[in-house]
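Keeping their order, the protein sequence lines are chains A and B. Here the first sequence stands for residues 7 to 261, numbered as in this note's numbering. Here the second sequence stands for residues 78 to 342, numbered as in this note's numbering. Read the structure below first, then the notes.
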Amino acid sequence: MFGVWISEMERIWKSKSMLILYLIFILLLAANVWGGVLNGSGSLRFGAGRIELNNLNMPWFMMDGISLVLTLVVLPVIYVNQLSGEIHSGAYRLYVLRPFTRFQIWFSKLLALASTTVILIAFTFIFSMAAAWLLFPQADAMTLYGSNASVNVTKAIFYSFNFFGLFTLACLAKLMFCSVICLFISRPLVSFVAIFVLSLLIYRIAIDLVILSDPFQKILLALRPEGYSPFWIYSLGTLIICGLISFVKWQRKMV
Amino acid sequence: MNRLIFCELERLLKSKLTWYLLVCTPILAYVTGNYIHVFYPSETMSSSLFVIIGLRENLYLPCNIAVAAIVAAVYTEEYRGGQLRLLFLRQYSRGKMFVSKLLVINMTILALLVIMGISLSLVGLIQFQNEGEATIPLTKNLPFIFQYYILAYLTLAAISCLFSYIALISKNVTYMLGISIGYVLISLLFDGIFLYFANFFENGSFMHELVAFVLIPYMQHTGVHSLMNEHNTHSILPMAAILIFYMVVFIWTAYRRFVRDDYLY
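Here you go:
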């Protein structure tokens, strides 16, 4: 089982396109940090005001735009390419000949994609922390979003860490959502467009499903002292329900 | 050449994706009508205004994504599916094939824009029938609407040239769509960066407008609207220069890639 996972990881990371995408993403992160350095302050997209940037709030604030690009573009590109792309090209006809059960093959693929997601987000966290401490004014306290309470440096770092943790959870929910779409629509062009459009429209069913396209504000709400239970319900709910549908559909899928 | 264009058009029309886009356009117009009912004061909205506002709300994201999908279907998917290998066996030159594909893409964009306009007019007449109709009748406002749609078409044609180039350098549909949609989102989300550089120049000057509208989605979001509604005539020249630049440079580079490079390997 571990061998299948390694094999899937190799297939994701040894692709030249993946490395180019990763490079573009790093350039985007750098441009975003540079924009923050030039302006010195930033506005929250959903009308929650303007904040002066410092080393404590920069790591999570820079995710305002980056989270949208990650959840709507970068991660779906990787997921669709690995799931729809391989089903559509017929690569799975060869994979299923290996001496593993269908469950193991699909599980290892999703696990490899989840690991890739965690690696990307962990890298973003380290990059943003390093940039914040090197390039932005040093502060000794940070005001929490949605509250007047100030926290010290240790708690502010912990806040940023929690932000990226919750963002990872939202991205894993998105992975399961994409896996379901890719199993129903195996043509990569159509599945990518369908994922993009459905991610933008699904919040009309339940407003908190906006985590599938733009989780930034909901994560900040969940990090308030009083918490925000709909974030947990919808992210974990999507993860579990879409995960179940994905595995059931995969068992019956003709490759 | 006509047969080649007809053949390309036939192949695109046989694709389910084109029909999905055609069917989705009236649905999008209907959804926009509902959205505008909620977010715009009803006394300020009329059916003729809705035809413009409806397009403005959809131009910079849904329309650009539709264009990216069409371009991906025409270039990248045919490459991935191996159909281009068969097409290159025909008696036509690669240059003619490239031109015919480009024409077909532009014809499809025009058709989608016309359907969008008709759908928005119908939805506007139904949903905003009695509101503000006395002030701006749809027929009297037609020249203004026509100008707005021509401008919108030009921006979409220019962005389709960029997407064509991206499609030809990407050997994978998902990466092509990812880069194209990434370009659109980055233009809209990180506008602060290029507006920072635009502010180095005098506000309203040629250079200021040139830097501010250098990325087409931002031009669609802000530039076209300010040009038509606020009559910022000083931005006509920079916007025209940007659109011509996109059309010339990216058609040329895409053409070179399609014709001269060893595209199939």
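The beta-carbon is built from N, C-alpha and C at its ideal position, and this holds for glycine as well. Quantities reported herein were computed from a predicted structural model and do not represent experimental measurements.
If the cut is a Cβ gap below 7 angstroms, which residues of chain B does residue i touch?
i: A/P194; result: V250 and T251
i: A/N38; result: F267
i: A/S23; result: N249 and Y252
i: A/G71; result: L266 and F267
i: A/C79; result: This sequence places Val at residue 79 of chain A; Cys is not what is there. In chain order: G255, I258, G259 and L262.
i: A/N168; result: Under the 7 angstroms cutoff, chain B gives no residues; its nearest Cβ is about 24 angstroms from A/N168.
For residue i, count neighbouring Cβ atoms within 10 angstroms of its own Cβ and tell me buried if that reaches 16, exposed if not.
i: B/N276; result: exposed
i: A/G9; result: exposed
i: B/E87; result: exposed
i: A/W112; result: buried
i: A/M68; result: buried
i: A/L126; result: buried
i: B/H311; result: exposed
i: A/V79; result: buried
i: B/L189; result: buried
i: A/D146; result: exposed
i: A/M64; result: buried
i: A/M148; result: buried
i: B/N79; result: exposed
i: A/F109; result: exposed
i: A/P231; result: exposed
i: B/N135; result: buried
i: B/E155; result: buried
i: B/Y112; result: exposed
i: B/E286; result: buried
i: A/P194; result: buried
Can you name the residues of chain B whose CB is closer than 9 angstroms to the CB of residue i?
i: A/L34; result: G259, I263 and F267
i: A/G41; result: F267, G269, I270 and Y273
Can the beta-carbon of residue i be found less than 7 angstroms from the beta-carbon of residue j?
i: A/V39; j: A/A137; result: yes
i: A/I191; j: A/A200; result: yes
i: B/I129; j: A/G41; result: no
i: B/A244; j: B/L132; result: no
i: B/R171; j: B/V336; result: yes
i: A/L81; j: A/C177; result: yes
i: B/E85; j: B/V181; result: yes
i: A/A262; j: A/L250; result: No information on residue 262 of chain A is available, as it lies outside the stretch 7 to 261 that chain A covers here.
i: A/F183; j: A/T244; result: yes
i: A/D31; j: B/T251; result: As written in the sequence, residue 31 of chain A is Phe, which differs from the Asp given in the question. Cβ atoms of A/F31 and B/T251: not closer than 7 angstroms.
i: B/M316; j: B/G300; result: yes
i: B/M174; j: B/Y225; result: no
i: B/T102; j: B/M193; result: yes
i: A/S205; j: A/L89; result: no
i: A/A118; j: A/E14; result: yes
i: A/L44; j: B/Y273; result: yes
i: A/I217; j: A/Y240; result: yes
i: B/L98; j: B/L231; result: no
i: B/N218; j: B/S125; result: yes
i: A/S133; j: A/L35; result: In the sequence under discussion, the amino acid at residue 133 of chain A is Phe, which differs from the Ser named in the question. Contact: yes.
i: B/I185; j: B/I147; result: The residue you asked about is not Ile; residue 185 of chain B is Thr in the sequence shown. Yes, the Cβ-Cβ distance between B/T185 and B/I147 is below 7 angstroms.
i: B/A106; j: B/S196; result: yes
i: A/F222; j: A/S73; result: yes
i: A/G71; j: B/L138; result: no
i: B/S177; j: B/L90; result: no
Closer than 9 angstroms by beta-carbon distance: list the chain A residues that pair up with residue i, in chain order.
i: B/E154; result: R193, P194 and L195
i: B/I142; result: V199, F202 and V203
Per DSSP, residue i is paired with what?
i: A/R56; result: A/S49
i: A/T149; result: A/S156
Does the Cβ of residue i lie closer than 6 angstroms to at least one heavy atom of the ligand NAP?
i: A/A212; result: Looking for the ligand NAP in the displayed structure turns up nothing, as the structure carries no ligands at all.
Which bits of chain B does residue i rub up against, with CB to CB less than 8 angstroms?
i: A/V86; result: T251
i: A/L74; result: L262 and L266
i: A/V83; result: T251, Y252, L254 and G255
i: A/L27; result: Y252 and G255
i: A/N154; result: The premise fails here: A/N154 is roughly 27 angstroms from chain B at the closest Cβ pair, so nothing lies under 8 angstroms.
Which residues in chain A have a C-beta closer than 7 angstroms to the C-beta of residue i? List them in chain order.
i: B/I192; result: Ordered by position in chain A, no residue passes the 7 angstroms Cβ test against B/I192, which lies about 17 angstroms from the chain.
i: B/G201; result: What B/G201 touches in chain A: nothing, since even the nearest Cβ is about 21 angstroms away.
i: B/L94; result: L195 and V196
List the residues of chain A whose Cβ lies closer than 8 angstroms to the Cβ of residue i, in chain order.
i: B/A146; result: L195 and V199
i: B/A149; result: L195
Check whether the segment 226 to 236 of chain A touches the segment 142 to 157 of chain A, taking contact to mean three or more Cβ pairs, one atom from each stretch, closer than 8 angstroms. By the criterion of at least three beta-carbon pairs nearer than 8 angstroms, the segment 226 to 236 of chain A is in contact with the segment 142 to 157 of chain A.
Stretch-stretch touch, CB-based, cutoff 8 angstroms, three pairs: the segment 46 to 57 of chain A with the segment 14 to 22 of chain A: no
Taking contact to mean at least 3 C-beta pairs separated by less than 8 angstroms, is the segment 83 to 94 of chain A in contact with the segment 250 to 260 of chain B? yes
Does the segment 145 to 155 of chain B come close enough to the segment 197 to 206 of chain B to have 3 or more Cβ pairs within less than 8 angstroms? no
Does the contact criterion of 3 or more C-beta pairs under 8 angstroms hold for the segment 109 to 123 of chain B versus the segment 233 to 243 of chain B? Under the Cβ criterion (8 angstroms, minimum of three pairs), the segment 109 to 123 of chain B does not count as touching the segment 233 to 243 of chain B.
Counting beta carbon pairs with one atom in the segment 221 to 236 of chain B and one in the segment 290 to 299 of chain B, are three or more of them shorter than 8 angstroms? yes
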